[in-house]
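Only one structure is covered here, and it is reproduced in the block below.
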Amino acid sequence: MLKTFAVIGDPIDHSLSPTIHNAAYRELEMECTYIAYRVNKGDLATGIESLKKIKISGFNVTIPHKIEMMRFLDNVDDTCKKIGAVNTVLNDDGILRGFNTDMDGFLEPIKRKEIPIKNSNILLVGAGGASRAIIVGFQKEEAKNIIIANRTKEKGDKLAEFSNEVGLDATSIELNDMNDLGSKFDFIVNASSLGLKGEKNIIPSSLMDEQTTVYDIVYKPLKTDLINTAKENNSKIIYGYEMLLGQAIRSFEIWLDQKAPYEAMKRSILGGFG
Ligand code: ATR
174 MLKTFAVIGD PIDHSLSPTI HNAAYRELEM ECTYIAYRVN KGDLATGIES LKKIKISGFN
234 VTIPHKIEMM RFLDNVDDTC KKIGAVNTVL NDDGILRGFN TDMDGFLEPI KRKEIPIKNS
294 NILLVGAGGA SRAIIVGFQK EEAKNIIIAN RTKEKGDKLA EFSNEVGLDA TSIELNDMND
354 LGSKFDFIVN ASSLGLKGEK NIIPSSLMDE QTTVYDIVYK PLKTDLINTA KENNSKIIYG
414 YEMLLGQAIR SFEIWLDQKA PYEAMKRSIL GGFG
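Below, the structure written as C-alpha cells:
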C-alpha cells in the first residue's frame with residue numbers, strides 16, 4: 174500500500190530527512206514516499222488539517238513546531254511528555270499519536286558503540302532545542318551528574334532546573350567557567366549551534382582524554398573543529414550525523430513497524446556531504 178510521510182517545519186528546504194527516509198524505502202522496495210512541507214509559525218493547525226486530508230501516514234516535526242505540536246495530539250508517549258516536545262507523529266486512522274525520537278536518536282550511537290553511561294559525568298554545552306532530550310536520555314541511563322555551560326546563563330540555569338527536576342544532578346555555569354573545571358569528563362556534548370558556521374571550538378582540551386566521548390550534535394560540516402580537537406586528544410568521537418540517523422531510524426520503526434536499513438540510510442547522509 175502506498176504510504177506518504179512528511180517533515181513539517183520552517184525553514185525546511187535543507188532538511189536531510191526526505192533523503193534519509195526515501196533511501197530506506199528504496200532499499201526495502203517499499204511503496205512509500207517522504208516529502209518536506211513548509212509550515213510557517215502560526216499555520217500549524219491548517220498545516221495539520223491538510224496533512225490529514227491527504228491521509229498522511231506519519232510525519233516529523235521540526236523547528237519551530239516541536240512544542241506547539243503537543244496541543245494537536247490525541248495521544249502522547251511518556252518520553253514526549255517528559256521532554257515537553259514532539260518530533261514524530263503517527264496518524265492512526267485520524268488519531269494522532271506523538272513520540273519524541275530525539276532522545277533515542279541521541280542515545281543510539283552511544284549504545285551501538287557500547288559506551289557505558291551509568292555513573293558518568295557530563296559536560297553539556299548549549300541549552301537550546303535539543304538539550305532537554307539529551308538530558309532526559311542521560312537521566313534514563315543513570316548518568317551521575319551534568320554541568321551545563323551556556324552563553325546565556327539564565328537559559329542554562331533553567332535547563333539545570335529542568336534536569337534536577339527529572340532527577341539528573343545539574344549545575345549551570347558560564348562558558349568562560351569551563352576553563353576552571355579541573356577534571357576530565359566521561360562525556361562532552363556540544364548541543365549548541367557553535368561549529369555550524371565553521372567557528373573554532375571553545376571547549377578546553379584539558380577536559381578531554383582517551384576516556385572521554387566527545388559528541389558534537391552539529392552535523393554540518395561533518396568534521397567540526399571540536400571533532401578535530403577531540404581527535405587530537407585521542408577521545409572517542411560521535412558525529413552529529415549519527416544522532417540525525419538515530420532519530421530517523423526510530424521514526425521509521427514507529428511508523429512502519431519493521432527494522433530500518435541502517436547502512437542505506439547512513440550512505441544517504443554521507444553521500445549528501447559529497
Ligand atoms: P534555540 O535556543 O532557539 O532553541 P538552538 O539552535 O536549539 O536554538 O540552540 C542554540 C544554542 O546554541 C543555544 O544554547 C545558544 O546559546 P544562547 O542560549 O546563549 O542563545 C547556543 N549558541 C548559538 N550561537 C552561539 C555562539 N556564537 N556562542 C555560544 N553559544 C551559541
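Mapping the sequence shown onto this note's numbering, position 27 (from 1) lands on 200, and the numbers just tick up by one. Glycine is no exception: its CB is placed at the ideal position from the N, C-alpha and C atoms. Predicted model only: the values in this text are computed from it and were never measured.
heavy atom of the ligand ATR below 7 angstroms from residue i C-beta
i      : result
Ala300 : yes
Lys328 : yes
Leu297 : no
Thr235 : no
Ser379 : no
Thr219 : no
Thr325 : yes
Leu348 : yes
Ala306 : no
Leu367 : yes
Ala303 : yes
Where residue i sits in the DSSP three-state scheme
i      : result
Arg244 : helix
Asp382 : coil
Ala218 : helix
Asp342 : strand
Gly419 : helix
Asp210 : According to the sequence provided, residue 210 is Tyr. The question's Asp does not apply to it. Three-state result, Tyr210: strand.
Asp468 : Residue 468 lies beyond the stretch modelled for the chain, which goes from 174 to 447, so this question has no answer here.
Val309 : helix
Lys439 : helix
For residue j and residue i, believed in contact at Cβ under 8 angstroms, the rounded distance
i      : j      : result
Gly271 : Asp250 : 7 angstroms
Gly302 : Ile236 : 7 angstroms
Val339 : Lys255 : 6 angstroms
Ile283 : Asp359 : Wrong, their Cβ atoms sit about 11 angstroms apart, outside the cutoff.
Ser379 : Glu405 : The pair is not a contact, with the Cβ atoms about 12 angstroms apart (cut-off 8 angstroms).
Ser408 : Asp382 : 7 angstroms
Ile320 : Leu341 : So it is not a contact: roughly 11 angstroms between Cβ atoms.
Val132 : Leu369 : In the structure as shown, the chain begins at 174 and stops at 447. Residue 132 is therefore absent and cannot be evaluated.
Trp428 : Leu263 : 6 angstroms
Beta-carbon gap between residue i and residue j smaller than 8 angstroms
i      : j      : result
Gln420 : Thr192 : no
Ala364 : Leu297 : yes
Thr177 : Ser223 : no
Ser345 : Ile308 : no
Asn260 : Lys228 : no
Ile375 : Leu348 : yes
Ile422 : Tyr414 : no
Ala437 : Ala209 : no
Leu280 : Gly257 : no
Leu175 : Glu200 : no
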